[in-house]
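FYI, in our numbering the residues of the sequence shown are -16 to 303.
C-beta atoms are modelled at their ideal positions from N, C-alpha and C, and glycine is treated no differently.
Only a predicted model underlies this, so the values are computations on that prediction, with no experimental measurement involved.
Structure first, commentary second.
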Amino acid sequence: MLNDHKNNPLAKSFGKVAVLLGGESGEREISIQSGEAVLAALLRQGVDAHRFDPKDQEMEAITGFDRVFIALHGRFGEDGTVQRTLDGMRIPYTGSGVTASAIGMDKWQTKLKWAEAGVVTPAFELVNAESDFDAIEKNLGLPLFVKPANEGSSIGITKVKKTGELEKAYQLAAQADPLVIAEQNIGGGEYTVGILGKRALPIVKIVPKTEFYDYEAKYERDDTEYLCPCGLSEALEAKIQKEALAAFNAIGCQGWGRVDFLMDEAGHHYFLELNTSPGMTDHSLVPMAAKAAGINFDELVMQILAMTLETQSEEIQHVG
Ligand SMILES: Nc1ncnc2c1ncn2[C@@H]1O[C@H](COP(=O)(O)OP(=O)(O)O)[C@@H](O)[C@H]1O
Ligand SMILES: [Mg+2]
């Protein structure tokens, strides 16, 4: 067990650690909250940890560190870009590598990979300015979801409920990313599976009081309910945890992350998306799931960082 003081034996083996936070994505503010929480945990555990915001600091300066905890969300931090830079500098970092990060950030590519691997995901179509919007509405049915392929925090997402509203929803999503997908609505409940190493954590059920789990429900309101235990039968939970790990591996992800799924009214589940650098504030979902598994926030942070000791040599082999 890791203790809440500065004698953690792991602390010294990490050397000088940078916590990458902030950045310039749409999720900057959340990333600052995640990064500050991670930094505080590392400092409590006696790690020589420092905040590093690529918005204010040149990335070259990261060469002065022995390893990196990535607490960036969205573009640059979660899409493989910063991972490529760190690979080039041979600095080990938390979480997935370049390719898995890039695929995981892109909902379209994730769904293609999942379809290939037999992971069930809601029906979808790509949308562009020339699309036959009426046909898409007919094919997927209403309501349907329209979202940018490369974004997060529900930014640019619309639940289209009425005929004729798809085009406007497309235009909104296209402001965030030229690649836009329309997706069948799955309306029987929303859940998430935290992944820590080779293990799926207890499932959390998310019950927003808004129409769907939008930006407001995620970060601004405090009435979203999070249920853990999630209310599924033990057998079903175990089955879905196994599938979530397979979905994580199908993208080539490593270290830690979160796989989200939806349930329809008939009780069938569909994998929605995955996050390779999920929220790490003390009220985020992975910390919540870890806690249910008996792992407190500081231990969670230390375990995630400790995986950079194991994968160090592996990552260096990936360079080039
Ligand atoms: N196909 C869908 N059916 C039902 N709800 C959906 C669907 N797609 C998205 N949502 C709702 O929108 C939220 C955000 O969508 P998601 O695809 O997870 O994007 P983000 O990366 O922004 O979190 C989900 O948490 C869910 O509440
Ligand atoms: Mg999501």
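For the options T259, P191 and D243, the alpha carbon positioned closest to that of H252 is the one of D243.
A1 sits in a strand when the DSSP states are folded into three classes.
DSSP, read as helix, strand or coil, puts I53 in strand. For secondary structure counted as the beta strand (DSSP E) over 3 or more consecutive residues, the region 55 to 119 holds these complete runs in sequence order: 107 to 110.
The beta carbon of P185 sits no closer than 6 Å to any heavy atom of ligand 1. Among the bridge pairs identified by DSSP, Y209 is matched with I189. Per DSSP, reduced to three states, the secondary structure at M246 is strand.
For the pair of segments examined, the region 82 to 97 was found to touch the region 161 to 181: the number of CB pairs separated by less than 8 Å reaches three. Between G29 and A(-6), the C-beta gap is smaller than 7 Å, which places the two residues in contact.
Of the residues assessed, R50 falls on the buried side of the cut-off, its CB having 16 or more other CB atoms within 10 angstroms. Of L25, Q16 and K222, the smallest CA-CA separation from D36 is found for Q16. Apart from sequence neighbours up to five positions away, the residues of its chain that approach K201 with a beta-carbon distance below 7 Å are S136 and S137, ordered along the chain. Shortest gap from the CB of S84 to any heavy atom of ligand 1: 6 Å or more. For R241, the three-state secondary structure derived from DSSP is strand.
The Cβ atoms of G214 and K192 lie no closer than 7 Å to each other.
With 16 or more neighbouring CB atoms inside 10 Å of its own CB, T259 falls in the buried class. Between Y174 and I186, the CB-CB gap stays under 7 Å.
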